[in-house]
Amino acid sequence: MSVRPWRDIIRRKSRQIMVGDVPVGGDAPVTVQTMTNTPTSDAKATIDQIRRCEEAGVDIIRVSCPDVESTTALKQIVRASRVPIVADIHFHYKRALEAADAGAACLRINPGNIGSEQRVQEVINAAKANGCSIRIGVNAGSLEKDLLEKYGEPCPDALVESAMDHIRILQDHDFHEFKVAVKASDQFLAVAAYQQLAEMVDCPLHLGITEAGGFVAGTVKSAIGIGSLLWFGIGDTIRVSLSAEPEDEVRVGFEILKALGIRNRGVRVVSCPSCARQGFDVIRTVQKLEERLQHIRTPMSLSVLGCVVNGPGEARETDIGITGGGAGKHMVYLSGVTDHHVQDADMIDHIVKLVEAKAAEIDAGEATAMEAAE
Ligand code: SF4
Numbered sequence: 001m002s003v004r005p006w007r008d009i010i011r012r013k014s015r016q017i018m019v020g021d022v023p024v025g026g027d028a029p030v031t032v033q034t035m036t037n038t039p040t041s042d043a044k045a046t047i048d049q050i051r052r053c054e055e056a057g058v059d060i061i062r063v064s065c066p067d068v069e070s071t072t073a074l075k076q077i078v079r080a081s082r083v084p085i086v087a088d089i090h091f092h093y094k095r096a097l098e099a100a101d102a103g104a105a106c107l108r109i110n111p112g113n114i115g116s117e118q119r120v121q122e123v124i125n126a127a128k129a130n131g132c133s134i135r136i137g138v139n140a141g142s143l144e145k146d147l148l149e150k151y152g153e154p155c156p157d158a159l160v161e162s163a164m165d166h167i168r169i170l171q172d173h174d175f176h177e178f179k180v181a182v183k184a185s186d187q188f189l190a191v192a193a194y195q196q197l198a199e200m201v202d203c204p205l206h207l208g209i210t211e212a213g214g215f216v217a218g219t220v221k222s223a224i225g226i227g228s229l230l231w232f233g234i235g236d237t238i239r240v241s242l243s244a245e246p247e248d249e250v251r252v253g254f255e256i257l258k259a260l261g262i263r264n265r266g267v268r269v270v271s272c273p274s275c276a277r278q279g280f281d282v283i284r285t286v287q288k289l290e291e292r293l294q295h296i297r298t299p300m301s302l303s304v305l306g307c308v309v310n311g312p313g314e315a316r317e318t319d320i321g322i323t324g325g326g327a328g329k330h331m332v333y334l335s336g337v338t339d340h341h342v343q344d345a346d347m348i349d350h351i352v353k354l355v356e357a358k359a360a361e362i363d364a365g366e367a368t369a370m371e372a373a374e
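Be aware that the sequence shown starts at 1, since it is given in UniProt numbering, and climbs by one per residue.
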C-alpha cells in the first residue's frame with residue numbers, strides 16, 4: 001500500500017473507559033451513538049426503534065429517563081438491547097439511582113446539577129456498584145446561571161469551565177470512568193470548546209453539534225463540526241443530532257467516519273453527479289443501490305459512473321465499478337479491472353448480487369486469516 005501522509009489523522013491520546021462492553025477512548029474505534037425519541041415508558045416502541053438503529057450499526061444508544069415509568073421500563077429495554085444503553089438524566093438524582101439499578105451502562109448526568117453533596121455521593125455509589133460510566137453533557141443551551149453571568153453569553157471558556165467543574169466533582173469522589181461533551185448548536189463555538197477541553201483533560205470526548213437542524217442542513221453542519229474535530233484528531237464517540245429518525249443519525253454518523261477514513265462500515269459509494277453523457281440514469285441507480293445495500297456491513301467500495309470520462313479511473317480504485325456505455329450496455333469492473341458487460345435492465349440486481357458476493361468473500365477471507373492467527 002502506498003504511503004499517503006496527507007491522509008493521516010493523528011488521534012489525541014485519551015484514556016479508555018467502558019460503556020457496558022463497548023470501549024470508548026484510547027485506541028478503540030470511534031463509536032456512533034444516537035438517542036431514541038419514543039416515550040421510554042413504552043418499552044416496545046423503544047425496543048423497536050433500538051432494533052432499527054442496531055440494523056444501521058449503532059454502537060451505543062441513549063434513552064431519556066424523565067420519570068419513574070421510564071426507569072421502570074428501562075430494565076426491559078436494557079435486556080432487549082444488543083448495544084449498551086445510556087440513561088439520560090436531568091436533575092432528578094433518583095432517576096439516576098433507578099437507571100443504574102435497571103442496568104444502564106452509562107448515566108448522562110451533570111454532577112453539578114444533582115444538588116447536595118449527599119445526593120452526588122449516592123449517584124456515584126450507584127454508578128460504581130453497577131459498573132456504570134458517566135457522561136458529562138455540557139450544552140450551550142443550558143449553561144449554569146453563574147457562568148452565563150460571568151461570561152455574558154455561551155462561549156468556549158464558559159463551556160469548558162462548566163465541564164471542568166463537573167469533572168472536578170467526579171474526581172473528588174474518586175470516580176474516573178467518565179467522558180465529556182461540550183455541545184453547542186453553533187459549530188464554531190462547539191469546535192473551539194472541544195479544542196480547548198482536549199488540551200486540558202485526558203478523558204474520552206463525546207462529540208456533537210447539538211440541535212443541528214433537519215436532515216440536510218443538520219447533516220452538513222454536523223459534518224463540518226464533528227468532521228473538523230475528528231480531522232484534528234479529537235473525539236472518541238459521536239452523536240449526530242438531527243430532526244430526523246435516530247437510524248438516520250446513525251447512518252450520517254457512519255458517513256462522517258467513512259469520509260474521513262476513520263472507520264468503515266458497509267459500502268462506500270463513489271458516484272458522479274451525472275450529465276448529458278450518462279449511459280444510464282445515475283441518480284436513480286445510486287438511490288436504489290443505496291437502499292438495497294443497506295444490509296451490507298462489510299467495508300467495501302463501489303463506483304457508479306455514467307460514462308467513460310471518469311468511470312475507468314474511479315473503477316480502478318474501487319472493489320466493484322460500473323461505467324455507462326452506449327446502447328444500454330455497461331462495463332463492470334472487478335477489483336479495478338474490466339470484467340464483463342451488463343444490460344440496463346439487469347444492472348441493479350446484478351450489482352447487488354456482485355456486492356453481496358464480494359462481501360461474503362471478504363468476510364470469509366477475514367475469518368480464515370483470524371483462524372490462522374490463533
Ligand atoms: S462520469 Fe460521465 S456521466 Fe458522469 S458526470 Fe462525468 S462526464 Fe458526466
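Quick reminder that beta carbons are idealized off the backbone N, C-alpha and C, glycines included.
C-beta atoms of residue i and residue j nearer than 8 angstroms
| i | j | result |
| --- | --- | --- |
| arginine 263 | proline 29 | yes |
| glycine 266 | cysteine 307 | no |
| isoleucine 351 | leucine 257 | no |
| valine 182 | valine 201 | no |
| isoleucine 109 | serine 81 | no |
| valine 86 | valine 58 | no |
| valine 63 | aspartate 88 | yes |
| lysine 128 | alanine 102 | no |
| histidine 166 | proline 111 | yes |
| alanine 73 | threonine 40 | yes |
| glutamate 177 | isoleucine 17 | yes |
| proline 154 | alanine 190 | no |
| aspartate 363 | threonine 298 | yes |
| valine 304 | valine 337 | no |
| isoleucine 224 | glutamine 187 | yes |
| valine 250 | cysteine 106 | no |
| leucine 97 | alanine 126 | yes |
| alanine 345 | tyrosine 333 | no |
| threonine 71 | arginine 95 | yes |
Per-residue DSSP class, three states only, for residue i
| i | result |
| --- | --- |
| arginine 239 | strand |
| valine 130 | Residue identity check: residue 130 is asparagine in the sequence provided, not valine. Three-state DSSP puts asparagine 130 in a helix. |
| arginine 95 | helix |
| alanine 140 | helix |
| methionine 1 | Note on methionine 1: pLDDT 46, under 50, position unreliable in the model; no value is reported. |
| serine 228 | helix |
| aspartate 88 | strand |
| alanine 276 | coil |
| isoleucine 262 | coil |
| aspartate 48 | helix |
| glutamate 69 | helix |
| aspartate 248 | helix |
| aspartate 202 | coil |
| isoleucine 77 | helix |
| aspartate 101 | helix |
| tryptophan 6 | helix |
Any C-beta of chain D under 8 angstroms from that of residue i
| i | result |
| --- | --- |
| isoleucine 362 | Of the protein chains in this structure there is only one, and it is not chain D. |
Limits of the alpha helix (DSSP H) - the one that residue i falls within
| i | result |
| --- | --- |
| valine 160 | 156-172 |
| cysteine 65 | No alpha helix (DSSP H) contains cysteine 65, which DSSP labels as neither H nor E. |
| valine 309 | Here valine 309 belongs to no alpha helix (DSSP H), and DSSP marks it neither H nor E. |
| leucine 107 | First-last for leucine 107: 106-108, but that is the beta strand (DSSP E), not the alpha helix (DSSP H). |
| valine 352 | 347-373 |
| valine 282 | 282-292 |
| glutamate 149 | 145-151 |
Cβ neighbour criterion (16 or more within 10 Å) applied to residue i
| i | result |
| --- | --- |
| methionine 300 | buried |
| isoleucine 134 | buried |
| methionine 347 | buried |
| serine 335 | exposed |
| methionine 331 | buried |
| histidine 92 | buried |
| histidine 206 | buried |
| glutamate 199 | exposed |
| isoleucine 226 | buried |
| alanine 56 | buried |
| glutamine 121 | exposed |
| arginine 239 | buried |
| cysteine 65 | buried |
| cysteine 275 | exposed |
Bridge partner(s) assigned by DSSP for residue i
| i | result |
| --- | --- |
| phenylalanine 188 | Phenylalanine 188 is not bridged to any residue. |
| methionine 35 | Arg62 |
| proline 23 | Met18 |
| glycine 57 | None, per the DSSP bridge assignment. |
| glycine 321 | Ser303, Tyr333 |
| valine 342 | His330 |
| serine 271 | Val304 |
| leucine 207 | Ile238 |
| arginine 135 | Arg108, Lys179 |
Residue i - containing beta strand (DSSP E), residue span
| i | result |
| --- | --- |
| lysine 13 | Unbroken run through lysine 13: none, as it is neither H nor E. |
| valine 180 | 178-183 |
Near the ligand COA: residue i beta-carbon under 7 angstroms from a heavy atom
| i | result |
| --- | --- |
| glycine 311 | In the structure on display, the ligand COA does not appear, and the ligands it does have are the ligand SF4. |
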